[in-house]
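Notes for the one structure printed next.
Residue numbers (our numbering), protein chains in the order written: chain B, -19 to 195; chain G, 51 to 320.
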C-alpha cells in the first residue's frame, strides 16, 4: 500500500467514523448532563460538515469546498464555547464568544471574497481561545476527578496542531503547490483528527457506556 | 525554473510540517506535565489523609490509656480510702452485736465506728471533689482555680501567686472545665517533676480574649524531648487547647522553669 492510499484510507475512516461516534454519543444522550449533550451535538454537527465537504469536494462534485471551513470553525467555536461554559461555569466565556463572533462577522462584511478562501485569522483566534479553555480545564482537573478529561486532552492536542494547518491554507493555495504537496498537509490533518476521534471514543467507552445489569 | 520552485515548495512545506510537529510536541508536553502533576498531587493528598488518620489513632489511643489510668486511680482510691475503712466499721459493728458486751466496750466500738465513718465520709467527699470540683460548676473558673491553688499551697512546698480578673460565665461551662483541667495538669506536673518553689498563675479576661498564664521556677525540661516523650499529660493539654480553639505558647529549658501562655479568643455575639 502506498502512502497515498494509506492516508486516503485514514481520511475515509475519519469521514465515516465521525458520524458513527456522534451517534454513539447520542445513545446515552438523555441520561447525561448538559456538557455531554452540547458535546454530542458538536460531534454530530462536525460529522455532517465533514460529510458535506467530502461530498462536494471529493466524492461526487469535485468543486471548491473551502466555504465549508467557515461553517466548521464557527460552529466548532460556538459549540465548544458552550461546552467549556458548562465545564468551567464562567460568564466570561459567553462574553468572549459574543465578541469573537462580532469580529468574525465584521471580517465577512468588510471582505466578502473571504468566503471562497480560508480565514486564517478567524480560525487561529477561535482555535487559540479554545486551547486556552482546554488548558484552564486541564489545570482545574488537577484536583479531584473531573469529567471529559480524555476529550479535553484530545481537543487540546488537535486544536493546537491543526491551527497551523488551517492557518497556512491560503499560503499553500496561493503558491500553487502541486497536488501531492498539498496532500501532505491534508494527510497530517487527517491523522490528527483520527487521534482525536480515538480519544473521544475512549472517553465514551470508559465513562459513558451504558452499563447493562448482569444477572 | 520548475525545479527551483519545487524546492521552495518543499522547503515551505517542511517548515510547516516541522512547526506542526513542534506544536504537537508542545501539546503532548503540556498534557504529560499535567498528568504527572496530578499524580503527584493525589499522592500528596493520600499521604496527608494517612497522617491525619494516624494522628487520630494516636489521639484515640492516648484517650483510652488516660481513661484506663484514671479508672485504676479511682479504683485504688475507693479501695484504700473507703473499702478498707468500711471493713473496720463492719468488724466493729460485728462486736457490737455480741450479747455479753460491756457498756464501756460498746462505747469504745461506737466511738471507733464514728471516727472511721467520718474519715470515710471525708474521703469520699475528697474523691468526688478530685473527680469534678463542685466549686467549678457552682462558682465558676476563678473560684475553682483559687481553690486549687489554696489546696496545693497548703502542702507548704510552694508559694503560689494567683491573680484573676474574670467574670463568671465568660466562657461556657465545658470550656471552663477544659481550661481548669489544663491548669490542674500544669500544677500536677510542677508538683511531680519540677522541684519548683514558686508558681505564678494569671487568669485575665479582656474584651476579645481570655489570657491564662502559668509560670514556675522549677528545673524545666528540653522542649524537644518532652514532645518526643509523648507524656499523656502533655497530649491531654494539647488536645484540650485544640478543643478550646485556643493558642498555646509553651517555653521551657533546663533550669529555666516553664512558662505557658494560653490565649482563647472570645466570639461574643453582638
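Ideal Cβ placement from N, Cα and C applies to all residues, glycine included.
Just so it is clear, the structure is predicted and the values come from calculations on it, not from any experiment.
In the DSSP assignment, residue 150 of chain B falls within the unbroken alpha helix (DSSP H) covering 149 to 154. Only those residues of the stretch 48 to 80 of chain B whose C-beta falls short of 9 angstroms from the nearest C-beta of chain G would be listed, and there are none.
Using a CB distance below 8 angstroms, the part of the stretch 65 to 85 of chain G facing chain B consists of 66, 67, 69, 70, 73, 74, 76, 77, 78, 80, 81, 84, ordered along the chain. Using a Cβ-Cβ distance cut-off of 8 angstroms, the stretch 237 to 255 of chain G and the stretch 201 to 208 of chain G are in contact, since at least three pairs of beta carbons, one from each stretch, lie closer than that value. Restricting attention to G/117, G/167, G/107, G/120, the CA atom closest to the CA of residue 132 of chain G is found in G/167.
Here the alpha carbon of residue 33 of chain B sits roughly 28 angstroms from the alpha carbon of residue 76 of chain B. Cβ contact annotation for residue 147 of chain B (same chain, cutoff 7 angstroms, sequence separation greater than five): 100, 103, 104, in chain order. Contact between residue 72 of chain B and residue 22 of chain B is absent: CB atoms are separated by about 20 angstroms, not below the 8 angstroms threshold. Within the stretch 33 to 111 of chain B, the complete alpha helix (DSSP H) runs of at least 4 residues fall at 48 to 68, 71 to 90. Interface annotation, residue 177 of chain G: not in contact with chain B, CB-CB separation never under 8 angstroms. In this structure residue 64 of chain B is in contact with residue 117 of chain B, their Cβ atoms being roughly 7 angstroms apart against a cut-off of 8 angstroms. Look at residue -10 of chain B: its C-beta is not under 8 angstroms from any C-beta on chain G. For the pair of segments examined, the stretch 87 to 106 of chain G was found not to touch the stretch 162 to 179 of chain B: the number of CB pairs separated by less than 8 angstroms stays below three. Considered as a whole, the stretch 251 to 286 of chain G harbours 259 to 266 as its complete beta strand (DSSP E) runs of no fewer than 3 residues, in chain order. The residue from B/92, B/114, B/50, B/-16 with its alpha-carbon nearest to that of residue 81 of chain G is B/114. Beta bridge pairing from DSSP links residue 312 of chain G with G/262, G/298. Contact between the stretch 259 to 270 of chain G and the stretch 297 to 315 of chain G is present: 3 or more CB-CB pairs across the two stretches fall below 8 angstroms. In this structure, the beta-carbon distance from residue 144 of chain B to residue 111 of chain B does not fall below 8 angstroms.
Ranked by Cα distance from residue 188 of chain G, the first of G/171, G/227, G/66, G/209 is G/227. In the DSSP secondary-structure assignment, residue 213 of chain G is bridged to G/252. The continuous alpha helix (DSSP H) containing residue 134 of chain G extends over residues 134 to 147.
Using a Cβ distance threshold of 8 angstroms, residue 270 of chain G and residue 239 of chain G do not count as a contacting pair. Comparing alpha-carbon positions, the option among G/295, G/268, G/208, G/68 lying closest to residue 259 of chain G turns out to be G/295. With a cut-off of 8 angstroms on Cβ pairs, the stretch 121 to 133 of chain B is not in contact with the stretch 67 to 76 of chain G, counting fewer than three such pairs. If you check the CB distance, residue 196 of chain G and residue 212 of chain G come in under 8 angstroms. In this structure, residue 67 of chain B sits near residue 15 of chain B, with a CB-CB distance shorter than 8 angstroms. Note on residue 129 of chain G: under 16 other CB atoms within 10 angstroms of its CB, so exposed under the neighbour-count rule. Around residue 183 of chain G, the same chain offers 194, 197, 198, 230 as residues with beta carbons nearer than 8 angstroms, after the five sequence neighbours per side are excluded.
Of the other Cβ atoms in all chains shown, fewer than 16 fall within 10 Å of the Cβ of residue 11 of chain B; this residue is therefore exposed. Taking the Cα of residue 80 of chain B as reference, the smallest distance to any Cα among B/107, B/132, B/140, B/-12 is reached at B/107. When DSSP states are grouped into helix, strand and coil, residue 208 of chain G belongs to the coil group. At a Cβ-Cβ threshold of 8 angstroms, residue 25 of chain B and residue 55 of chain B count as neighbours. Residue 179 of chain G counts as exposed, since fewer than 16 other C-beta atoms from the protein chains shown sit within 10 angstroms of its C-beta.
Between residue 185 of chain B and chain G, the shortest Cβ-Cβ separation is not below 8 angstroms. Within the stretch 83 to 117 of chain B, 115 place their CB atoms closer than 8 angstroms to a CB of chain G, listed in sequence order.
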